[in-house]
Each structure stands twice: as structure tokens, then as C-alpha cells.
Amino acid sequence: MKPFGTLIPFESARDIINRHALPVERTEYVPIDAALGRVSAEDIVALHNTPPFNRAGVDGYAVKASDTSGATRGRPKLLASTDCLYAGSTPSKKLLPGECIGICTGAMMPPGADAVVMVEDTRIESQQVAIYKSLAPQDNVGLKGEDIRKGERVIERDKMLDAGKIGVLASQGLTRVLVYEKPKVAIMPTGEEIVEIGKRLKPGQLYDINSHTLAAVVRENGGEPMMYHVTGDSLEDIRTSLQAALSADMVVTSGGSSMGEKDLIINVLEEWGEVLFHGIKVKPGKPTTFAIVNGKPVLGMPGYPTSCLLNAHLLLGPAVRRMGHLPARRNLSMRAELGDRVVGSSERQRFQTVIINGKIAYPIFKESGAITGTAQADGFIVVPENTVIEKGTEVTVTFF
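In the working numbering, the protein residues as written are 171 to 570.
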């Protein structure tokens with residue numbers, strides 16, 4: 171039986187993991203319609219002006235601003251209408267003094283025109299258009315390059331591509347963009363009692379929950395999970411699986427990191443690499459291990475589903491985001507009244523899952539093997555070691 175090393179505080183464990191979760195520098199081109207949530211691997215410089223021409227900002231009439239000087243409803247200016255322009259059409263004539271041209275929003279401004287009078291400020295009288303408002307040059311006109319100027323940097327390297335940035339790429343006619351590859355995270359479940367989903371359970375066996383919750387957390391944080399078959403409880407099986415898993419950027423195991431006779435992963439990690447910690451001062455999640463093997467981070471997660479998933483949210487997710495050049499996630503939080511008494515753990519910080527009902531946070535008192543302890547939760551509260559929080563106390567709830 172392998173005893174735990176010195177238990178370290180949660181904050182120390184998180185810092186150690188993040189320090190060794192190095193950003194992946196491999197890059198690839200992806201279509202812009204597949205780039206949402208990816209991170210730009212280069213500065214993007216505008217190839218074109220946006221808009222590429224002066225255009226009407228409203229429906230109305232293109233005019234020379236000087237022709238509208240002094241116009242009011244009581245004393246309108248009368249102009250001859252000579253044409254009509256629609257979005258996508260090209261002006262065929264130059265606007266002359268005393269003339270106006272009907273124009274739709276987004277249409278190219280005709281040569282000679284420098285303003286657009288809104289249709290609401292006009293009236294057709296016989297063969298002429300009465301202008302009721304005096305305009306200044308560029309009124310109601312979108313100028314060439316007003317939004318984006320050719321040659322300007324429109325997206326910086328290391329910026330996550332959201333819907334707006336994808337719109338910028340489209341405005342430049344780009345069909346693809348250079349992004350960082352998603353970090354590949356190998357997920358390696360262990361335990362003779364664990365059975366892959368879809369297979370028949372035998373007495374004493376359980377379905378593999380952790381591989382799928384871990385994969386979901388990896389995807390949620392911009393990574394690419396690599397799922398491995400369940401590894402048996404033998405040194406030979408663990409060595410074989412770990413050797414294959416080390417082709418990924420990071421390895422995450424589940425089970426086999428506590429103090430059982432057959433918890434052999436820690437032995438292999440010490441044999442092949444450097445174990446940086448073995449055990450965290452938290453509940454649930456104490457049997458968590460972190461090592462470096464062949465330069466790759468290996469995170470050993472507890473086998474119990476709630477312990478595994480909580481630590482995945484708090485430790486694995488931030489590490490995957492860092493490896494993928496993504497910004498740290500900003501978890502929402504709220505102040506709430508505690509709906510029941512919570513007793514903290516002696517010498518360990520406790521993450522207590524809760525359900526929110528209105529402004530009350532009700533603790534979920536389930537053991538760490540129950541996946542519903544996190545599946546039903548809205549978030550969690552932090553209970554310091556050796557602390558009791560009474561019912562009715564105001565607490566901070568952090569949402570997943």
C-alpha cells in the first residue's frame with residue numbers, strides 16, 4: 171500500500187499544474203465557419219477597406235449638401251430626381267447641381283453626391299423632390315474604410331475567435347484562418363471493476379463514468395479528448411496504456427491514485443517520471459496526483475465520480491485552457507443564504523455542491539461516489555477546514 175505524500179493546499183496544487191501546462195504551439199488552418207472558440211495563431215491584417223466604397227446610411231435621396239442649404243418644411247428646396255440606386259447596383263451617372271438620386275440603404279454613393287437626405291424629410295411634388303432639411307457633407311453617408319482600413323491589424327494573435335471576429339474575417343473575404351491546434355488530452359481509466367458503456371455488467375462492476383465526464387470538461391475548455399480503453403490493475407497493463415497515452419499533450423487518469431493495494435499508477439509515475447504532489451487538502455478530491463513523465467503533464471484523478479468531476483472543473487479545465495491559449499474562464503457567482511448547516515472537514519478544505527432555489531443555496535449531501543452530487547448541482551461553496559457554516563449564513567456560490 172502506497173501512503174499519500176504530504177497533502178498540499180488546493181491553491182498550491184492548481185499553481186503547480188498550471189505552471190507545467192504549457193501552451194501548445196502547433197498550428198493549423200481551419201475554415202472560418204469552424205473557427206468559433208479557436209485562438210488565432212497570427213495577427214490578421216485587413217486586405218480591403220470596409221466598407222469598400224462610400225455608401226448610403228439610410229433610404230432617401232443622394233444630394234449635394236450645398237443644394238439643401240437653408241431647406242425647411244416651410245421653405246423646401248426642389249431638386250430633380252434623375253435615377254434610383256439599390257444595394258449592389260453601380261451608379262451610371264454623375265450627380266449634377268440641382269439634382270438628386272433616389273438611393274437605398276447600403277447602395278454605393280453616386281459621383282458628385284456627398285450626403286443623403288432621409289426619405290422622411292422629403293416629398294415628391296410633380297416631377298421634383300421637395301427637400302425639407304438642410305444637410306452637411308457626409309450626413310447619412312458611410313465612408314469608405316470607416317469601419318476597417320486596408321492594412322490595419324484587425325485581429326491580434328492569441329485572441330479567441332468569437333462571432334464578431336469571425337464576421338471581421340468574412341469582411342475581408344477570408345475563407346480560412348490560422349489557429350493553434352487544440353491540446354490533445356489522453357483519458358485513461360483504470361480498474362478491474364470498471365466496464366465500458368455498452369457492455370454487460372457483471373457482479374461487482376460499474377460503468378465507466380469518469381472517462382465521459384472528463385472528456386466533456388476537456389471539450390468544454392477547448393481541448394480534444396483522446397479516449398482509451400479501461401486499463402486493468404496490473405503494472406504491465408498500466409505501463410502499456412500510459413506509454414500509448416503519452417503521445418498526447420496531457421494525460422489524465424482516473425482511479426488508482428489512492429491507497430489501495432492495487433492502486434499502482436503512482437508506482438509507475440514514480441518509476442517513469444517525477445511526482446510533484448500526491449494528495450490535496452480538499453474534500454472531495456484528496457487522492458489527486460500530478461506528475462511529469464517524458465516532459466508531459468500527467469494528472470491522476472480520484473476514481474469516485476463526484477471527486478473526479480469536481481477536480482476536473484477546478485484543476486483540469488483551467489490547465490486545458492492554458493494549453494490551448496484560451497483566457498481563464500470567469501465563473502459566475504452569487505450571494506445566497508445557506509439552506510442547511512454544513513460541517514467542514516478537519517484539516518481539509520471542502521467544496522460543497524449546492525442547488526439554488528431563489529436566493530437560497532441548499533447543500534447536496536451525497537457521498538463522493540454519487541455522480542448526481544455534481545449532476546444536480548448548480549455550483550459549490552468553499553468551506554474552510556475545521557469550519558461549521560450555520561443554516562441562514564450568507565455564502566458565495568460559484569457556478570460551474
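The C-beta atom is built at its ideal place from N, Cα and C for all residues, glycine as well.
May I ask whether a heavy atom of the ligand ATP can be found less than 8 Å away from the beta carbon of residue i?
i      : result
PHE569 : For the structure depicted, the ligand ATP is absent and the ligand set is empty, with no information on it obtainable.
Is the Cβ-Cβ distance between residue i and residue j less than 9 Å?
i      : j      : result
ARG346 : ASP213 : no
LEU425 : PRO359 : The residue asked about is misnamed: residue 425 is Gly in this sequence, not Leu. Yes, the pair counts as a contact, with Cβ atoms nearer than the cut-off.
VAL553 : ARG505 : no
GLU537 : GLY528 : no
ILE462 : VAL438 : no
LYS561 : ARG520 : no
GLY473 : PRO497 : no
ILE336 : LEU206 : yes
CYS478 : THR383 : yes
PRO395 : VAL365 : no
ALA547 : ILE530 : no
ALA540 : PRO475 : yes
LEU434 : VAL421 : no
LEU177 : GLU517 : yes
In terms of residues, what are the limits of the beta strand (DSSP E) holding residue i?
i      : result
ARG520 : 519 to 527
THR252 : 247 to 255
VAL565 : 564 to 569
LEU469 : 466 to 471
SER404 : No beta strand (DSSP E) holds SER404; DSSP gives it neither H nor E.
HIS448 : 444 to 448
THR345 : Per DSSP, THR345 belongs to no beta strand (DSSP E) and is neither H nor E.
SER296 : Note, SER296: premise wrong, no beta strand (DSSP E); not H, not E.
VAL422 : 420 to 424
THR590 : Missing from the structure shown is residue 590; the chain here goes from 171 to 570 and no further.
GLU269 : 269 to 273
Would you mind working out which of the options sits nearest residue i, comparing C-alpha positions?
i      : options                           : result
THR260 : ALA547, THR242 and ASN224         : ASN224
ARG256 : ALA277, ALA250 and ASP237         : It should be pointed out that residue 256 corresponds to Tyr in this sequence rather than to Arg. TYR256 has its Cα closest to that of ALA277, out of ALA277, ALA250 and ASP237.
PRO353 : VAL286, SER341 and ALA385         : ALA385
VAL349 : PHE180, TYR199 and GLY514         : TYR199
SER304 : VAL422, LEU248 and MET396         : LEU248
LYS451 : ALA340, GLY240 and GLU555         : GLU555
LYS320 : ASP378, SER341, ASP291 and GLU517 : SER341
HIS483 : ASP291, VAL388, ARG370 and ILE435 : VAL388
ALA300 : SER411, VAL445, THR220 and SER239 : SER239
VAL445 : ILE435, PHE460 and GLY455         : PHE460
VAL286 : TYR302, LYS263, PRO475 and ALA204 : TYR302
PRO533 : ASP510, LEU486, LEU313 and ALA226 : ASP510
ALA183 : LEU469, GLN297 and ALA545         : LEU469
GLY282 : ILE294, LEU405, LYS263 and GLN298 : LYS263
GLY361 : ILE367, GLY368, LEU313 and SER404 : SER404
ALA204 : ASP291, PRO246 and GLY392         : GLY392
ALA241 : GLY258, ARG293 and THR423         : ARG293
GLY227 : GLU181, LEU313 and PRO246         : LEU313
GLN298 : PRO246, GLY455, GLY315 and PRO222 : PRO246
PHE570 : MET471, LEU480 and GLU322         : LEU480
ILE367 : VAL209, GLY374, PRO222 and HIS399 : HIS399
Skipping 5 residues on each side, what residues in its chain have a beta carbon closer than 6 Å to that of residue i?
i      : result
PRO280 : ALA232, PRO261, LEU265 and ILE271
SER417 : none
ASP229 : CYS274, THR275 and VAL289
ARG243 : TYR302
PRO201 : ARG346
THR220 : ASP317, ILE318 and SER341
CYS254 : GLY272
Determine, using beta carbons only, whether residue i comes closer than 9 Å to chain C.
i      : result
LEU266 : In the structure shown, chain C cannot be found, because there is only a single protein chain.
The alpha helix (DSSP H) with residue i in it runs from where to where?
i      : result
PHE460 : Element bounds for PHE460: not the alpha helix (DSSP H) but the beta strand (DSSP E), 459 to 463.
HIS190 : 180 to 190
ASP542 : Residue identity differs from the one stated: residue 542 is Thr in this sequence, not Asp. 542 to 545 is the extent of the alpha helix (DSSP H) around THR542.
LEU479 : 475 to 481
GLY240 : Neither: GLY240 is in no alpha helix (DSSP H) and is coded neither H nor E.
LEU508 : Note, LEU508: premise wrong, no alpha helix (DSSP H); beta strand (DSSP E) at 503 to 508.
ALA386 : 380 to 390
Once you ignore the five residues that flank residue i on each side, which residues in its own chain have a CB closer than 7 Å to its CB?
i      : result
THR568 : ASN501, SER503, GLY549 and PHE550
PRO267 : LYS234 and ASP237
ALA211 : THR197, ARG327, LEU348, VAL349 and TYR350
SER515 : LYS453 and GLU555
GLN522 : VAL512, PRO533, PHE550, ILE551 and VAL553
GLU269 : LEU249, ALA250 and THR252
Using a Cβ-Cβ cut-off of 8 Å (strictly less than) and excluding sequence neighbours within five positions of residue i, which residues of its own chain qualify?
i      : result
GLY343 : LEU217 and HIS218
ASN464 : LEU416, TRP442 and GLY443
VAL338 : ILE214, ILE318, VAL324 and ILE325
LEU376 : GLU363, ILE364 and VAL365
PRO179 : ILE450, LYS451 and GLN519
LEU485 : ALA183, ARG184, ILE187, THR458 and LEU469
ARG499 : ASN391, GLY487, PRO488 and ARG491
task = Taking 8 Å as the threshold, find out whether the segment 490 to 499 comes into contact with the segment 193 to 213 through three or more Cβ pairs.
result = yes
message = Three or more C-beta pairs under 8 Å: does that hold for the segment 226 to 245 against the segment 308 to 318?
response = yes
ask   = Touching or not, the segment 317 to 337 and the segment 178 to 189, by the rule of three or more beta carbon pairs under 8 Å?
value = no
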